[in-house]
Structure formats: structure tokens, C-alpha cells
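Trainee: Taking the numbering used here, the leading residue of the sequence shown gets 42, the next gets one more, and so forth. Quick one: the structure is below, questions incoming.
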Amino acid sequence: MNKNANPIDAGWRFDNSYVRLPEELFLPQNPEPVAKPAMVVLNRALAKSMGLDADALEAEVFAGNKIPPGAEPIAQAYAGHQFGNFTMLGDGRAILLGEHLTPAGARLDVQLKGSGRTPFSRRGDGRAALGPMLREYIISEAMNGLGIPTTRSLVVVTTGETVYRDTGLPGAVLTRIAASHIRVGTFEYLAATRNLDALRALADHTQKRHYPDLAVESHRALLEAIIERQAALVARWMLVGFIHGVMNTDNMALSGETIDYGPCAFMDTYDPETVFSSIDRQSRYAYGNQSRIAHWNLARLAETFLPLLDDDETRGVEIAKEILGIFPERFESHWLGGMREKLGLFNAESEDLGLAGELLEIMAREQWDFTNTFRNLNPAAEAPGLGAWQAKWQARLSRQPQTIEDALARMHKSNPAVIPRNHKVEEALAAAVASGDLGPMHRLLEALSNPFEDASEKEHYRNPAPAGSETYQTFCGT
Ligand code: AMP
Ligand code: MG
């Protein structure tokens, strides 16, 4: 182990609990070295928060050419329902280097994505192209800026090699930082192989690692807590117009972080049927379907939990149904709570759901931009098109003790001025990939790191793409 140890101490502190789990969960696998590693972007703020010395971090480590001290590289086994169909999967182009312990005491997965073939690669080449890896970097950091739980992006390096998709593209590796990579699909994998001991071990590991504060340590309580976190997460997505795009069960992390930024994007014009992903032909993962799909995915998770819930299968099914039944109410509660903030409301009234719904109806009918409509709402200024709704909202605001200024301050903290607009993301990627100009990307990242701030220079990022470009499509990061 570690014969390639990096002589420079960059601050890595690995403690790898996953490799102490039952062996069917992973395969030891080193990344495949590449021709010519070169740093493209390094997240200095994230490195610092992880206790890493950014200046001592080398491209060789992030390309997989050098294994940092203490890392124990593995490919993780998992399965998943992809567009509704069950498949055995696993890390086909990712390597988990290990778990790094931060000075604040957090345990973080350090994963290379695009680092070469593994036994789970099937027909894939194990590689990734620069554009999609930079895209994941931008969107995940945007989500973090919005305060939404997400995996993070530490580094993107180029490999000096060409990857072949429809055409030859520059190869790259992304270093992804996550609370863990335990997925709904990880449980599905163990359930499919009927490995009850391993399933129990993974459940206990998940509980200790992600839900250490559970009052009752039981598998039932764990399942409830996971459901609660997913309800909160998907509500947060909905409140900023985020569309994940490929909510397969292998892309749902039990930590409650957003994971796997493939064909995701933020909606401009409000339309619940919006789909960006070119492979989602049935609109399964449309904006407005996301809570239903999360519920469906959690039902797949609950099925794997059945033997943990009760020795008697019938009773286990009853318990699972009961727990799953809480999801719609939990989702709506998180969503409505967020909507109240977006509307400047501090307390709850029973008509609030209707008030939010009516605004969304107007937005859909008028084809308004989701982000800008909320950002521009102002109880003190009559907005054309809002008509009777504005009066109703004003009356509602006047029934709470807070002032209009208080309401506006609250609204500005939850209605972002800046989101990663598709055309701006594409612009930044085109400059970076085609001409090696990282300026636009760094400026975009800067704006996205503080999306609620009202700086005038952010105007540049506020407009949706000009009309006619609504056919924006995203592609899986293959
Ligand atoms: P994703 O759609 O990115 O969630 O990936 C679904 C599955 O395909 C996962 O098991 C990936 O590891 C695998 N995969 C995606 N792209 C590649 C690739 N280029 N080479 C090998 N496996 C891949
Ligand atoms: Mg995936």
C-alpha cells in the first residue's frame, strides 16, 4: 500500500471505513495512469476547508498517477433502477481514493471520476471528457452557493489523452468530494444478492455515518430519517428551479446530498413539464415529477429494508408502507416552508398553499422566468400581470407583525439573483474547452458563490437565454 506515496505533505488524512465493510461492497482498484496530467481548476476554498495545502496539491494525484498517502483505492459495487429498469452497475469510471478527515472532524469521500476502467465498466472506457467534468464542477459549486446539500468539486485535471465520443475530446478527471457515495442502489445491490448480513452492516454504517443523532437507533428510524432528508432535498431543488435530469436510484445518495450532475440544468421559463435531458424521452424526470420520482426511489429503498424492519415479511411490508406514506406530507411541508420564505412570509396561514399555487399558475400562463419572477417580486411596487394576486399577497403580508422591509430581506435571502443559466454555462465551457480560456468560468463561479448578493456586476448573469434557444438540451456526462 502507498508505495507511490506523495513525498510532499499536502495534508491528506485518510481513514477508510468503507473498506472495513463486507467485501462484496467493493473491489480494490487503482486508477489507470494517464499521459500528461495538468491542473485545470482547483477549488482553493474547499481545499482549505478540508485542511489541505492547496499549493502542495499535485495534478498527478488527481489524475490517478500517484496515490496519496493513506488512500486505499476501490471501485464501489452498486445496482440501480435506471429509468425504471433494474440493472447491476458499480463504479465504471470512478475510483474512491478513501475518506479524508477534515480539521472540523468531517469524514469525506475523495473520488476520482474518469480515472480509467474498473471491473464494473461494462462497455465503457472508464474515461470522462473535459466539458462534462467542468460542467459538474460549475453546477455542484452553484448548488453549494445556493445552500443546497451537494457533493463538491475539488479539482479538474486534463489527462493529455483523447476520449472518443461522437468525436475526439480532451480527457479529464474530476475529483469529487462527498459525505459518502452510499446510494439507494448500494442497498439494492445487496438486496439483489440476498446478502442480509452485509445489508445490516451497510445500514448500520449509514446510520453511524450520516444519522448519528437518531434518537432511536433502529432501522425503522433510519429509513424515516433518510426519507425526511430526501423530502427536504428535492423541495430545495424545486424552490430554485433545479432539474436533476437523471434521478435513477443509483444517483440518489443516502447522505441527502445532490449527486451525479449529468444532464441536469436550471429551468428558465416556469413550466413544470420542463425536461432538458436528451435521453429522457418519456419525461420521467421532468421538473414537476421530481417529488414523485423521489418517492418512487425511496419505495425501492424501503423494499431492500424489509428484512431489517421485521422478521415477519407481511409485518415488514406494513411498516415500510407506513413509513413511505409520510413522504408526500414531508415534501409539501418543506416546499411550502420554502415558498413562504420566497414570498416573505414569517408565519403560516392555511391559505398559503393556494397563494403560492396561484402565483405559479400566473407564471406558467405568462411564461415568466422562474428565478427572476421571484427575485423581482416586491410588495411595494405594482408588477404588470400580477393583478389581483398582488393585492392578495399584500393583504397577507399585512397580517404578519413584520415590516415590508423585513419581508423583502427574507425574500432576498431565498430568491437568488444568479443561477447557472444554461447559455452562460455553455459560454464558459466553450471558452475553457475550445481555447483554454478559464476567465469566463472563474467569473461565473465567483458570481455563483454568492448568488443572493445584489451586486450590479451580476446583471451579466441574470437574463435567460434569448428567445428561440429554449430547445436547450443536456447530455449525460459520458
Ligand atoms: P451515470 O449515468 O453517470 O450515473 O452512470 C451510470 C453507470 O454507468 C455507472 O455505473 C457508471 O459508472 C457507468 N459509466 C458511465 N460512463 C462510463 C464510462 N465512460 N465508462 C465506464 N462506465 C461508465
Ligand atoms: Mg451515476
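Glycine included, every Cβ here is placed at the ideal spot set by N, Cα and C. Predicted model only: the values in this text are computed from it and were never measured.
For ligand 2, which residues count as neighbours when the test is a C-beta closer than 6 angstroms to any heavy atom?
Mentor: Cβ-based neighbours of ligand 2 within the cut-off: 291, 292, 301.
Trainee: Enumerate in chain order the residues of its own chain whose CB-to-CB distance from residue 503 is below 7 angstroms, with the five nearest sequence positions on each side excluded.
Mentor: By 1-based counting over the sequence shown, the position of residue 503 is 462. Around residue 503: 413, 458, 459.
Trainee: Helix, strand or coil for residue 59 per DSSP?
Mentor: The sequence position of residue 59 within the sequence shown is 18, counting from 1. Looking at residue 59 - three-state DSSP - the assignment turns out to be helix.
Trainee: Does ligand 1 have a heavy atom nearer than 7 angstroms to the CB of residue 131?
Mentor: If you number the sequence shown from 1, residue 131 lands on position 90. Under cutoff, so the answer is yes.
Trainee: Given this structure, state the Cα-to-Cα distance separating residue 47 from residue 196, to the nearest angstrom.
Mentor: Counting from 1 along the sequence shown, the entry for residue 47 is found at position 6. Counting from 1 along the sequence shown, the entry for residue 196 is found at position 155. Confidence in residue 47 is poor, its pLDDT being 47 and thus under 50, which makes the residue's placement unreliable; the coordinate value appears in the next sentence. If I take the Cα positions, the gap works out to 17 angstroms.
Trainee: Under the criterion of a Cβ to heavy atom distance below 7 angstroms, does residue 161 qualify as lining ligand 1?
Mentor: On the sequence shown, residue 161 is found 120 positions in, with the first residue counted as 1. True, at least one ligand heavy atom lies under 7 angstroms from that Cβ.
Trainee: Kindly identify the DSSP beta-bridge partner or partners of residue 140.
Mentor: Along the sequence shown, read from residue 1 onward, the residue named residue 140 stands at position 99. Per DSSP, 150.
Trainee: Quick check: the Cα distance between residue 344 and residue 228, rounded to an integer number of angstroms?
Mentor: Looking up residue 344 in the sequence shown gives position 303. Looking up residue 228 in the sequence shown gives position 187. One C-alpha to the other measures close to 9 angstroms.
Trainee: Throw me the rounded Cβ distance for the residue 312 and residue 405 pair, which I believe falls under 8 angstroms.
Mentor: Along the sequence shown, read from residue 1 onward, the residue named residue 312 stands at position 271. Along the sequence shown, read from residue 1 onward, the residue named residue 405 stands at position 364. Indeed they touch by this definition, with Cβ atoms about 6 angstroms apart.
Trainee: Can you tell which of 448, 513, 391 has its C-alpha closest to the C-alpha of residue 304?
Mentor: On the sequence shown, residue 304 is found 263 positions in, with the first residue counted as 1. Looking at the Cα atoms, 513 is the closest of the given residues.
Trainee: Whole angstroms are fine: how far does the CA of residue 192 sit from the CA of residue 395?
Mentor: One-based indexing of the sequence shown puts residue 395 at position 354. One-based indexing of the sequence shown puts residue 192 at position 151. Going from the Cα of residue 395 to the Cα of residue 192 covers about 34 angstroms.
Trainee: Can you check whether the CB of residue 139 is closer than 8 angstroms to the CB of residue 57?
Mentor: Here residue 57 is taken as the residue at index 16 of the sequence shown, counted from 1. Here residue 139 is taken as the residue at index 98 of the sequence shown, counted from 1. Going by C-beta atoms, residue 57 is nearer than 8 angstroms to residue 139.
Trainee: If we ignore side chains and look at the alpha-carbon of each, how far apart do residue 281 and residue 464 end up?
Mentor: By 1-based counting over the sequence shown, the position of residue 281 is 240. By 1-based counting over the sequence shown, the position of residue 464 is 423. Going from the Cα of residue 281 to the Cα of residue 464 covers about 17 angstroms.
Trainee: What residues match up with residue 410 in a beta bridge as DSSP calls it?
Mentor: Along the sequence shown, one-based indexing puts residue 410 at 369. BP columns for residue 410 point to 310.
Trainee: Kindly provide the ranges of any alpha helix (DSSP H) runs that are 4 or more residues long and lie completely inside the segment 397-485, ordered along the chain.
Mentor: If we require 4 residues or more, the alpha helix (DSSP H) runs fully inside the segment 397-485 come out as 411-417, 428-439, 445-455, 463-476.
Trainee: How should residue 43 be labelled, buried or exposed, when 16 other C-beta atoms within 10 angstroms of its C-beta is the threshold for buried?
Mentor: Here residue 43 corresponds to residue number 2 of the sequence shown, with the count starting at 1. Note that residue 43 scores a pLDDT of 45, beneath 50, so its modelled location is shaky and nothing firm can be said.
Trainee: Give the straight-line distance between the Cα atoms of residue 373 and residue 209, rounded to the nearest whole angstrom.
Mentor: Here residue 373 refers to the residue found at position 332 of the sequence shown. Here residue 209 refers to the residue found at position 168 of the sequence shown. Going by the C-alpha atoms only, they are around 45 angstroms apart.
Trainee: Where does residue 127 sit, in a helix, a strand or coil, going by DSSP?
Mentor: The residue given as residue 127 occupies position 86 in the sequence shown. In this structure, residue 127 counts as strand in the three-state DSSP scheme.
Trainee: Go through the segment 317-367 residue by residue and report every complete run of the alpha helix (DSSP H) that reaches 4 residues or more, in order.
Mentor: 331-350, 354-365, all fully within the segment 317-367.
Trainee: Whole angstroms are fine: how far does the CA of residue 484 sit from the CA of residue 133?
Mentor: Taking the first residue of the sequence shown as 1, we reach residue 133 at position 92. Taking the first residue of the sequence shown as 1, we reach residue 484 at position 443. If I take the Cα positions, the gap works out to 33 angstroms.
Trainee: Restricting to runs no shorter than 4 residues, where is the alpha helix (DSSP H) found entirely within the segment 202-287?
Mentor: Listed in chain order, the complete alpha helix (DSSP H) runs (minimum 4 residues) inside the segment 202-287 are 225-233, 237-251, 260-281.
Trainee: Spatial neighbours of residue 202 within its chain, please: CB distance less than 6 angstroms, with the 5 preceding and 5 following residues excluded, ordered by chain position.
Mentor: Counting from 1 along the sequence shown, the entry for residue 202 is found at position 161. The residues are 75, 76, 212.
Trainee: State the start and end residues of the unbroken beta strand (DSSP E) segment that holds residue 75.
Mentor: Residue 75 sits at position 34 when you count from the first residue of the sequence shown. No beta strand (DSSP E) contains residue 75, which DSSP labels as neither H nor E.
Trainee: What whole-angstrom Cβ distance do residue 385 and residue 449 have, given they're in contact under 8 angstroms?
Mentor: The residue labelled residue 385 in the question sits at position 344 within the sequence shown. The residue labelled residue 449 in the question sits at position 408 within the sequence shown. Contact holds; Cβ gap of about 6 angstroms.
Trainee: Which same chain residues, not among the five before or five after residue 274, have their C-beta less than 7 angstroms away from its C-beta?
Mentor: Position 233 of the sequence shown, counting from 1, holds the residue named residue 274. Excluding sequence neighbours, residue 274 sits near 190, 297, 299.
Trainee: Residue 507: buried (16+ other C-beta within 10 angstroms of its C-beta) or exposed?
Mentor: Position 466 of the sequence shown, counted from the first residue, corresponds to residue 507. So residue 507 counts as exposed.
Trainee: Smallest Cα separation from residue 357: which of 347, 366, 364, 363?
Mentor: Taking the first residue of the sequence shown as 1, we reach residue 357 at position 316. Residue 347 is the option with its Cα nearest to residue 357.
Trainee: Near residue 452, what residues of its chain come up, given a Cβ to Cβ distance below 6 angstroms and the 5 sequence neighbours on each side ignored?
Mentor: Counting from 1 along the sequence shown, the entry for residue 452 is found at position 411. Answer for residue 452: 385, listed in chain order.
Trainee: Compute the minimum distance between the beta carbon of residue 166 and the heavy atoms of ligand 1, and state whether it is under 7 angstroms.
Mentor: As a first step, residue 166 must be located in the sequence shown, where it is residue number 125. The answer is yes for residue 166.
Trainee: Can you give me the start and stop residues for the beta strand (DSSP E) that residue 116 sits inside?
Mentor: As a first step, residue 116 must be located in the sequence shown, where it is residue number 75. Residues 115-117.
Trainee: Flag this pair as touching only if the segment 115-130 and the segment 217-235 have three or more C-beta atom pairs under 8 angstroms; answer yes or no.
Mentor: Flag = yes, the segment 115-130 and the segment 217-235 touch.
Trainee: Can you tell me which of 136, 155, 421, 163 puts its alpha carbon nearest to the alpha carbon of residue 128?
Mentor: To locate residue 128, count along the sequence shown from 1; it is residue 87. Here the closest residue by C-alpha is 163.
Trainee: Using a Cβ-Cβ cut-off of 6 angstroms (strictly less than) and excluding sequence neighbours within five positions of residue 45, which residues of its own chain qualify?
Mentor: As a working note, residue 45 is residue 4 in the sequence shown. Its pLDDT being 48, under 50, residue 45 is placed unreliably by the model, and nothing is read from it.
Trainee: In the DSSP output, which residue or residues are listed as bridge partners for residue 155?
Mentor: Here residue 155 is taken as the residue at index 114 of the sequence shown, counted from 1. In DSSP, residue 155 forms no bridge with anything.
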